[in-house]
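Residue numbers (the numbering used here), protein chains in the order written: chain A, 4 to 113; chain B, 5 to 118.
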Amino acid sequence: QQQVKQSPQSLIVQKGGISIINCAYENTAFDYFPWYQQFPGKGPALLIAIRPDVSEKKEGRFTISFNKSAKQFSLHIMDSQPGDSATYFCAGGGGFKTIFGAGTRLFVKA
Amino acid sequence: KAGVTQTPRYLIKTRGQQVTLSCSPISGHRSVSWYQQTPGQGLQFLFEYFSETQRNKGNFPGRFSGRQFSNSRSEMNVSTLELGDSALYLCASSAQGGANEKLFFGSGTQLSVL
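Spelled out as structure tokens, the structure:
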């Protein structure tokens, strides 16, 4: 019941394209859904987060879409850039109760 | 504010040895969590400390231990190292460790066990 399932494992997108990463959760007690971005040699850093009472949140080129009834949420990166190449983790919950997805390695081709 | 600081950045040890990793959280943060990151297993939660007390623990053997000091700095210790302990060890801090708080991660300690 604690899992957060993330797909795909890896993703290659052309520069300017849309990157889409999907996650599904089981624990309906989660009320905070963050996405973390990790570059090689660095720790993850919060990218954007959403609460379940909102269906969409947009910050610049990054958008979270949230479907509470389906227990799914996704990250859309518009106009993907080579600098977006990183590993992305979705998660449910916060603080020490954060449950991370397995991660998606995104590579944006120039 | 300074970010989360982890030392050392890299460590090379041999099997059977022990190792201590250090983490200084963001000033004012009282919760420190530790994670093990490997390519195959993603981010695995080790334990969390709050006000010098271990509040939550992941599913790791007793060889993995930690502590937190009164200034919120934390250390993690791994005894009797095994090859499978090779990983990036990440420390994350948050103000209270609450259910809706974001985590602030350090850059990690890359441990290689030979």
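Note that the Cβ used here is the ideal one computed from N, Cα and C, for glycine as well.
Computed from a predicted structure; not experimentally measured.
Against chain B, the CB of Pro37/A has a partner CB under 8 angstroms away; the residue lies at that interface.
Between the alpha carbons of Thr18/B and Gly70/B lies a gap of roughly 20 angstroms. Check the Cα spacing between Ala48/A and each of Lys106/B, Val117/B and Leu118/B: the tightest is with Lys106/B.
Distance check between Lys61/A and each of Gln17/A, Met81/A, Arg108/A and Val7/A places Met81/A closest, using alpha-carbon atoms only.
Around the Cβ of Leu78/A, a 10 Å sphere holds 16 or more other Cβ atoms; the residue is buried. The residues Asn25, in chain order, have a CB closer than 6 angstroms to that of Ser10/A in the same chain once the five nearest residues on each side in sequence are set aside. In this structure, the alpha-carbon of Gln84/A lies about 8 angstroms from that of Ala113/A. Under DSSP, Leu109/A shares a beta bridge with Leu14/A and Ala89/A.
DSSP links Thr113/B through a beta bridge to Tyr93/B. Rounded to whole angstroms, the separation of the alpha carbons of Ala52/A and Gly96/A is 10 angstroms. Taken through DSSP and simplified to helix, strand or coil, Phe33/A comes out as coil.
Residue nearest to Phe68/B within the set Gln10/B, Tyr39/B, Gln100/B and Gly112/B is Tyr39/B (criterion: CA-CA distance).
The alpha-carbon of Pro43/B is positioned some 28 angstroms away from that of Thr31/A. At least 8 angstroms separates the beta-carbon of Gln12/A from that of Ala89/A. In this structure Cys27/B is in contact with Ser78/B, their Cβ atoms being roughly 5 angstroms apart against a cut-off of 8 angstroms. Residues Tyr14 and Leu92 of the same chain have their beta carbon placed closer than 6 angstroms to that of Gln114/B, with the five preceding and five following residues left out of the count. Residue-level contact check: Ala27/A does not touch chain B, since none of the beta carbons of chain B fall below 8 angstroms from its beta carbon. In terms of Cβ geometry, Phe109/B and Gly46/A form a close pair [threshold 8 angstroms]. In this structure, DSSP gives Lys100/A a helical state, which the three-state scheme calls helix.
Among the residues facing chain B, Ala52/A is included, as its CB has a counterpart in that chain under 8 angstroms away.
Around Phe73/B, no beta-carbon contact reaches into chain A at under 8 angstroms, the shortest distance being about 18 angstroms.
When secondary structure is reduced to three states using DSSP, Gly32/B falls in the coil class, being assigned neither helix nor strand. Per DSSP, reduced to three states, the secondary structure at Gly70/B is strand. Between Asp56/A and chain B, the shortest Cβ-Cβ separation is not below 8 angstroms.
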